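In our numbering, the protein residues as written are 7 to 188. Here's the structure, in structure tokens; my notes come after.
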Ligand code: 5GP
């Protein structure tokens with residue numbers, strides 16, 4: 007597995023420290039409110055599990071799956087809901103938990119779509135921001151790290167379903183995805 011990795015982008019210990027800070031901030035901001043964390047499958051699962059345990063107030067957790075890149079590393083711009091929420095969000099505070107924002111298309115679609123369902127607030131918590139590639143404006147309320155325009159894997163992020171189980175976040179060697187095709 008490690009022969010496919012170019013260099014470490016964010017270490018596991020830096021991730022844990024930042025996630026703890028984010029959790030404390032979220033707990034402060036949502037104290038006394040009905041908070042629903044909405045994790046976006048599958049990339050956010052590891053981040054969501056760590057983040058939720060750093061939020062020291064009662065929270066509910068639910069998940070959505072959307073199609074974004076499919077098997078490719080470039081965005082098609084088409085977003086489709088593959089799995090919807092089980093919880094109803096009317097009158098509640100929703101916090102979308104996502105692994106990475108790149109063009110912004112996925113989050114933009116999700117925020118707009120959840121806002122039509124009558125929640126009190128919809129906010130966004132993202133671990134990584136590839137800000138150089140943004141195509142549409144998305145307000146990120148809680149951010150872990152800004153990263154350069156390179157393909158990241160690990161800590162939940164995959165390439166063709168692999169590397170999610172790495173504890174650190176790495177840059178994948180470009181030859182790995184050019185060799186195998188997009
Ligand atoms: P956006 O709609 O903002 O362009 O893309 C967001 C989605 O694209 C993320 O949820 C993630 O699935 C995927 N993505 C974007 N950049 C990367 C990256 O560097 N590594 C991985 N593994 N996925 C990425």
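Every residue, glycine too, gets a C-beta built ideally from N, C-alpha and C. These figures come from a predicted structure and were not determined experimentally.
- By the 16-neighbour rule on beta-carbons within 10 angstroms, residue 155 is exposed.
- Distances from the CA of residue 31 to each of 170, 67, 148 were compared; the closest alpha carbon is that of 148.
- In this structure residue 144 is in contact with residue 130, their Cβ atoms being roughly 7 Å apart against a cut-off of 8 Å.
- Distance from the CA of residue 99 to the CA of residue 24, rounded to the nearest whole angstrom, comes to 23 Å.
- According to the DSSP secondary-structure assignment, residue 160 is paired through a beta bridge with 163.
- In the same chain as residue 115, and ignoring 5 residues on each side of it, the C-beta atoms closer than 6 Å to its own belong to 85, in chain order.
- Straight-line measurement puts the Cα of residue 134 at about 5 Å from the Cα of residue 151.
- Contact check for residue 160 against residue 51 fails: the beta carbons are separated by 8 Å or more.
- For the ligand 5GP, a non-hydrogen atom lies closer than 7 Å to the CB of residue 158.
- Contact between residue 29 and residue 60 holds: CB atoms are separated by about 3 Å, below the 8 Å threshold.
- Taking 8 Å as the cut-off, the beta carbon of residue 72 is found no closer than this to the beta carbon of residue 95.
- Positions of the beta strand (DSSP E) runs, each at least 3 residues long and wholly inside the segment 9-76, are given as 11-16, 41-47, 65-73 in order along the chain.
- Residue 112 counts as buried, since at least 16 other C-beta atoms from the protein chains shown sit within 10 angstroms of its C-beta.
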